[in-house]
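Taking it in order: structure first as C-alpha cells, then the write-up.
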Amino acid sequence: MAKINIRAITAFLDGQDEDTMASFVNGIEKLENNRKIRTKRLAIDLNDFSENNLTKIAERITDLGYWGFSVSFNDPNDSEQIKNAKQILQHTKNGFVNFKITRKGRQLDSNLILPSTDLIIDNSKLDNGFNNFRLGFSFGLENETPFFPYSAFENNRGFAIGLEYIETMLEIINNNNRESLNTIRNILIEELGERFSDIAKKCEEIEKEINLKFLGIDLSIAPYPYPLEDQSVIDLLEALGNIGRSRGDTEFHAGMNGTIFLHTYITSIIKEIASKSDFPVTGFNGVMYSVLEDSKLSKRYANGEIRVSDLLLTSTTCGCGIDMIPITGWGIHKSVSSLFFDIYALSNSLDKPLALRILPIPNSRPGDLTEFRHLFFANTRLSEDRSGISINELPAQKDDPIINM
Numbered sequence: 007m008a009k010i011n012i013r014a015i016t017a018f019l020d021g022q023d024e025d026t027m028a029s030f031v032n033g034i035e036k037l038e039n040n041r042k043i044r045t046k047r048l049a050i051d052l053n054d055f056s057e058n059n060l061t062k063i064a065e066r067i068t069d070l071g072y073w074g075f076s077v078s079f080n081d082p083n084d085s086e087q088i089k090n091a092k093q094i095l096q097h098t099k100n101g102f103v104n105f106k107i108t109r110k111g112r113q114l115d116s117n118l119i120l121p122s123t124d125l126i127i128d129n130s131k132l133d134n135g136f137n138n139f140r141l142g143f144s145f146g147l148e149n150e151t152p153f154f155p156y157s158a159f160e161n162n163r164g165f166a167i168g169l170e171y172i173e174t175m176l177e178i179i180n181n182n183n184r185e186s187l188n189t190i191r192n193i194l195i196e197e198l199g200e201r202f203s204d205i206a207k208k209c210e211e212i213e214k215e216i217n218l219k220f221l222g223i224d225l226s227i228a229p230y231p232y233p234l235e236d237q238s239v240i241d242l243l244e245a246l247g248n249i250g251r252s253r254g255d256t257e258f259h260a261g262m263n264g265t266i267f268l269h270t271y272i273t274s275i276i277k278e279i280a281s282k283s284d285f286p287v288t289g290f291n292g293v294m295y296s297v298l299e300d301s302k303l304s305k306r307y308a309n310g311e312i313r314v315s316d317l318l319l320t321s322t323t324c325g326c327g328i329d330m331i332p333i334t335g336w337g338i339h340k341s342v343s344s345l346f347f348d349i350y351a352l353s354n355s356l357d358k359p360l361a362l363r364i365l366p367i368p369n370s371r372p373g374d375l376t377e378f379r380h381l382f383f384a385n386t387r388l389s390e391d392r393s394g395i396s397i398n399e400l401p402a403q404k405d406d407p408i409i410n411m
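One rule links them: number in this note's numbering = place in the sequence shown (from 1) + 6.
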C-alpha cells in the first residue's frame, strides 16, 4: 500500500530555545526510517524583530535543518505588530506570519480588516505577489496546527504533524470501487485509522525521548503539486464521483453537481477517525483546497469549473477556508474585505477554524495567467474578483466596529 508521508512536523518552542531545536531534529529520525518527512518547521515567539536578529534566526534555523519558521500575532490594529510582521516578510525568505483575527466565541472587530488588507497589498509588492504565500489570517483556531502559516506558539511547548495520504486513500478507493459508499467509508476509516495510530505511537516515543509533548496530528488532507508528487484533492473527488459510471455516461469532474456531497463524504471520514482515535488530534482537520498548491485544482479554477464561491461552500462542512488563491492587483480592497467578512461568518456560525491566504498579483487583470516559478506552486488564471462589500469603511461602522452574530 502507498506510504503515508509526513507533510510537516512542527515544533512549538520559545525562540531562544536552541538546545531543544537541535535535539528535536535529531530526535525525529525514527519517523524517517520508513517514510519521507517533507519539511521540519518551527513555530516560535520573538521579541527582537530587527533585521540583524531576523537574519541570524533565519540562518540558524536553516543550519539546524528546518525548512522555515512561523510567528503569530493577534491584533492588526496594533501598528507595532504590523511593523514586526513586515520585518519578517521583508528580511527573511523562510519566515512566515499569521494573524489570529478571532477566537472561539469572539466578536469581529471590523476595524481589523483594513490594516489586514493593507498588509496583504503592501506585501504583494515585494515579490510580484509571491510573498503572500508566507502570510495568513486564521479565524477560530484554538489549538496548534503544523501547517504554515497558521502555526502559532503560545506557551504550549510541543510538536505536531501533518500528513500526506491522498495516494493511500486513492488506492483504497480504487481497490474497492465495486463496493457501496458505506463499505468504502468503513474500510477507509479502519485502514487509515490504524496507520495514523502507528505514526502517533512513534511520535509518543519521541515525546518521551526528548521531553517534548506530542500535541497531535492534524488530519487535514493536503495536496502536493506537480512535478514533485502531483497529489490532488481533485483526484479523490473524481475517483469517488466516477464510481458506478457506465461507459456512455459523462465523466464526473470536480465542480459538477454532486461535488459538495463527495466533499462532505470525505469530511465524514476525517471526523470519524478523529472521534475514534486513540491519539491526540489538533489543527484544522479538514480538506485543504489550496489552489496554487494543487495542480488539478488550479486547472479547474483556471477554466472556471471551480470558483471562490465554491471554495467558500466547502468551508461550510470541512473545507479549511480560502487558501492560496491569486487575485488581480487592482480594485482589490472591496473583494479582500468581503472575504474577511465571509470567512468570519462561516467560522463563527459553524464554530470551526478557518483560514484566509490570498495572493494579489500587481499590475494584473482578470484572465491573466500567474507566472510563479516555485516547486510548491501550480499556476492558474486570475478570475474577476472586484465585487463585494465595504461596510467596514463606513464612518459609522468605524466608530462602532464590533459585530455581534
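Note that CB positions come from ideal geometry on N, CA and C, so glycine has one too.
### Exposed unless 16 or more other CB atoms sit within 10 angstroms - verdict on Ser301
Taking every protein chain shown into account, the CB of Ser301 has 16 or more other CB atoms within 10 angstroms, so this residue is buried.
### Task
Select from Leu225, Phe378, Ile312 and Arg13 the residue whose C-alpha is nearest the C-alpha of Val293.
Measuring from the Cα of Val293, the nearest candidate turns out to be Leu225.
### Message
Under 8 Å: do the region 329-342 and the region 261-272 share three or more Cβ pairs, one atom per stretch?
### Response
Taking 8 Å as the limit for Cβ pairs, the verdict is that the region 261-272 does not touch the region 329-342.
### Message
So for Phe346, helix, strand or coil by DSSP?
### Response
Helix.
### Query
For Thr16, does the three-state DSSP call read helix, strand or coil?
Three-state result, Thr16: strand.
### Task
Go ahead and pull the three-state DSSP assignment for Gly146.
Three-state DSSP puts Gly146 in coil, outside helix and strand.
### Task
Out of Thr189, Thr334, Leu352 and Ile212, point me to the one whose CA is closest to Tyr271's CA.
Comparing Cα positions, the closest option is Thr189.
### Query
Would you report the Cα separation of Ala166 and Ser186, rounded to the nearest angstrom?
Roughly 34 Å separates the two Cα atoms.
### Task
Out of Gly164, Asn129 and Ile63, state which residue places its alpha-carbon closest to the alpha-carbon of Ala17.
Ranking the options by Cα distance to Ala17, first place goes to Gly164.
### Task
Could you tell me if Lys9 is buried or exposed, where buried requires 16 or more neighbouring beta carbons within 10 angstroms of its beta carbon?
The C-beta of Lys9 has fewer than 16 other C-beta atoms within 10 Å across all chains shown, which makes the residue exposed.
### Task
Would you decide whether Pro82 is buried or exposed? Buried here means 16 or more other CB atoms lie within 10 Å of its CB.
With 16 or more other Cβ atoms within 10 Å, it is buried.
### Message
Judging by CA-CA distance, which residue of Asn410, Ile349 and Lys62 is the nearest neighbour of Phe145?
### Response
It is Ile349 whose Cα lies nearest to the Cα of Phe145.
### Message
Is the beta carbon of Leu198 closer than 9 Å to that of Tyr230?
### Response
A distance of 9 Å or more separates the beta carbons of Tyr230 and Leu198.
### Message
Is it buried or exposed, Glu299, if we count other Cβ atoms within 10 angstroms and call 16 or more buried?
### Response
By the Cβ-count criterion, Glu299 is buried, with 16 or more other Cβ atoms from all chains shown falling within 10 Å of its own Cβ.
### Query
Looking only at C-alpha atoms, which of Phe139, Glu311 and Ala49 sits nearest to Ala158?
Taking only the C-alpha atoms, the option nearest Ala158 is Ala49.
### Task
Please classify Leu298: does DSSP put it in a helix, a strand, or coil?
When secondary structure is reduced to three states using DSSP, Leu298 falls in the helix class.
### Query
According to DSSP, which residues form a beta bridge with Phe220?
Per DSSP, Phe165.
### Query
What does Ala228 pair with, by DSSP beta-bridge criteria?
Here Ala228 is not bridged, per DSSP, to any residue.
### Query
Taking DSSP as the reference, what is the three-state secondary structure of Arg44?
In the structure shown, Arg44 adopts extended strand secondary structure according to DSSP, grouped into three states.
### Query
The beta strand (DSSP E) with Asp329 in it runs from where to where?
Here the beta strand (DSSP E) through Asp329 covers Gly327 to Thr334.
### Task
Compare the beta carbon distance of Phe105 and Ser122 with 9 Å and say whether it is the shorter of the two.
The answer is yes: Cβ separation under 9 Å.
### Task
Give the secondary structure of Asn263 by DSSP, where H, G and I count as helix, E and B as strand, and everything else as coil.
In this structure, Asn263 counts as coil in the three-state DSSP scheme.
### Message
What residue range does the alpha helix (DSSP H) around Leu70 cover?
### Response
First-last of the alpha helix (DSSP H) with Leu70: Glu57 to Leu70.
### Task
Report all residues from its chain with a CB closer than 8 Å to the CB of Thr323; omit the five preceding and five following residues, and keep chain order.
These residues qualify, in order along the chain: Ile266, His269, Thr270 and Thr273.
### Residue closest to Ala351, alpha-carbon to alpha-carbon, out of Ser130, Lys282 and Met411
Out of Ser130, Lys282 and Met411, Met411 has the C-alpha closest to the C-alpha of Ala351.
### Task
Just grab the DSSP bridge partners of Asn75 for me.
One point to set straight first is that residue 75 is Phe, not Asn, in the sequence displayed. Partner residues in the beta bridge of Phe75, as assigned by DSSP, are Leu48 and Gly101.
#### Entry: Rounded straight-line distance, which links the Cα of Thr108 to that of Arg387
Across the structure, Arg387 and Thr108 are spaced so that their CA atoms are roughly 31 Å apart.
### Query
Just the Cα atoms here: how many angstroms apart are Asp255 and Ala245?
The straight-line gap separating the alpha-carbon atoms of Asp255 and Ala245 is approximately 15 Å.
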